[in-house]
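Residue numbers (our numbering): 6 to 449.
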């Protein structure tokens, strides 16, 4: 019997579908069970931000900065997108993604648990009721028998310096799509591409003061495509309807994780006073910013190491552009007794809005030929080794001198009248939450 070629096509298609159902690997785990499909092995969850975490951690180690304690608050899904059949469209685990991201920084940060403390609080309650033991006996009071419960004297829970909160705030479907579809005599092909995006807003908060130290707002586009081909026509008395194709999309939740990880890099960089653009991935073909300029060695006026009040020249390393630093968005420092106070945030050499306002006032006063004295302030929780403290102070002095020069005040008029000795281990407090790190003057 001769089979028409149209039927041969249909039979081949059906055979292909039948064999396609058995191509996945299976494994029979027990003799009385049906075989189950065995997929890929579990692996670490990598993203394109992985090199950025290594770069940032290395930069923080090179600066020998003290380890910063960071906690994570609730990071919710605020998009409101919900499917009755599939549930929430966006992951509800944003806070867990931030914990994992901070863990990729290794030992340069200390993670403090604040998201789910139920077990710790329960055990502290057991301890308070003298119900918690560790299998040993403990001497609580001299001359009295040892007890089986664990004594607690308080202070074992370490405080955090900062915490991160925020949310996933955008999910925009089909912000752009395109494609084509063509058919001739029932035979056609099609291709379609589409783009959606998500948005994340995070903020870094000083635990002690509740000052919002830095915010980031990031978005990422998610792309996908669909291709296909089909035949729908009669061959004699036979109707043939065959459709093949494929659809693929960048994983939506992986896009959320990648965006959150970049936000974490930018927030931690702000704490460390490091420009995050030096570590973030770049794609010049897509128009991303070029790498920041390499640091150059420049000379600035600074107090000598002996701290005798005479100005000298000290070599420091700074960037040509203003470094990205930790500038509080709701912070305030009040002057005392008419003194001019120029504040810097933790580890930052960047001039924030309040400091710039003070510089403008001092430049205006100095332009009238008057002498102006002022203090440079830093957060009172800054505690650097002597060499690093001197380096960051000189960078801040350079930033102030450059800012005054931009306002028309010659650098020769700006000098340093006081800096702490390298051997000084204490700090000079100046107002609530700040310490004085240098005193400067704009001469007549």
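By construction, the Cβ of each residue, glycine as well, lies at the ideal position given by its N, Cα and C atoms. In this text, all values refer to a predicted model and were calculated from it rather than measured experimentally.
Buried or exposed for residue 124, please, with buried defined as at least 16 other CB atoms from any protein chain shown within 10 angstroms of its CB. Classification for residue 124: exposed.
For a quick check, are the C-beta atoms of residue 95 and residue 269 less than 7 Å apart? No; because the gap between Cβ atoms is not below 7 Å, this pair is not in contact.
Would you call residue 350 buried or exposed, if buried means 16 or more other Cβ atoms sit within 10 Å of its Cβ? A buried status is given to residue 350, since no fewer than 16 other beta-carbon atoms sit within 10 Å of its beta-carbon.
Just to confirm the assignment: which complete beta strand (DSSP E) runs, minimum length 3, are found wholly within the region 53-112? List check, beta strand (DSSP E) in window: 73-82.
Note down the Cα distance separating residue 432 from residue 255, rounded to an integer number of angstroms. Residue 432 and residue 255 have their C-alpha atoms roughly 52 Å apart.
Could you pull out every residue in the same chain whose Cβ sits closer than 7 Å to the Cβ of residue 365, ignoring the five residues on either side in sequence? Excluding sequence positions up to five before and after residue 365, its CB lies within less than 7 Å of the CB of 412, all in the same chain and listed in chain order.
Give me the residue from 252, 257, 436, 168 with the minimum Cα distance to residue 216. That would be 168, whose Cα lies nearest to the Cα of residue 216.
Is it true that the CB of residue 80 sits closer than 7 Å to the CB of residue 172? Cβ atoms of residue 172 and residue 80: closer than 7 Å.
Buried or exposed: which applies to residue 143, given that a residue is buried once 16 or more other Cβ atoms fall within 10 Å of its Cβ? So residue 143 ends up on the exposed side.
Quick test of your reading: residue 84 and residue 176, contact by CB under 8 Å. State the CB separation rounded to the nearest angstrom. The pair is a contact, with the Cβ atoms about 4 Å apart (cut-off 8 Å).
Could you have a look at residue 403 and say whether DSSP puts it in helix, strand or coil? Reduced to three states, the DSSP call for residue 403 is helix.
As assigned by DSSP and simplified to three states, the class of residue 243: Residue 243: strand per DSSP, three-state reduction.
Between residue 371 and residue 414, how many whole angstroms is the CB-CB distance? I'm expecting something under 8 Å. About 5 Å separates the CB atoms of residue 371 and residue 414; that is less than 8 Å, so the two are in contact.
What do you get for residue 398, buried or exposed, if any count of 16 or more other CB atoms within 10 angstroms of its CB means buried? Residue 398 comes out buried.
With 16 other CB atoms within 10 Å as the buried threshold, where does residue 180 fall? It counts as exposed.
Count the CB pairs spanning the region 226-237 and the region 61-72 that are closer than 8 Å, and state whether there are at least three. The region 226-237, when compared against the region 61-72, does not touch it at the 8 Å Cβ threshold.
Residues in the same chain with beta-carbon distance under 7 Å from residue 211, minus the five sequence neighbours each way, listed in chain order, please. Once the five neighbours on either side are set aside, the close Cβ partners of residue 211 are 167, 218.
Buried or exposed (CB count within 10 angstroms, at least 16 for buried), residue 58: Residue 58 sits buried, since 16 or more C-beta atoms from the chains shown fall within 10 Å of its C-beta.
Neighbour-count burial assignment, residue 161, 16 or more Cβ in a 10 Å radius: Residue burial annotation: residue 161 is exposed, with fewer than 16 other C-beta atoms found within 10 angstroms of its C-beta.
Extract the residue ranges of the beta strand (DSSP E) inside the region 196-245, only unbroken runs of 3 or more that lie entirely within it. Here the runs fully enclosed are 217-240.
List the endpoints of the continuous beta strand (DSSP E) containing residue 422. From DSSP, the beta strand (DSSP E) with residue 422 extends over 419-423.
At which residues does the beta strand (DSSP E) containing residue 142 begin and terminate? Note, residue 142: beta strand (DSSP E), 138-143.
With residue 440 as the anchor, note down where its beta strand (DSSP E) starts and where it stops. For residue 440, the enclosing beta strand (DSSP E) begins and ends at 439-447.
Could you pull out every residue in the same chain whose Cβ sits closer than 7 Å to the Cβ of residue 384, ignoring the five residues on either side in sequence? Answer for residue 384: 350, 351, 438, 439, listed in chain order.
For residue 30, which residues of its own chain have a beta-carbon under 6 Å away from its beta-carbon, when the five flanking residues on both sides are left out? Exclusion of the five residues before and after residue 30 leaves 43 as the residues of its chain whose Cβ lies within less than 6 Å of its Cβ.
Between residue 97 and residue 204, what straight-line distance do the alpha-carbon atoms span, to the nearest angstrom? The straight-line gap from Cα to Cα measures roughly 14 Å.
Can you look up residue 255 in the DSSP assignment and give me helix, strand or coil? Here residue 255 carries a coil assignment [DSSP, helix/strand/coil].
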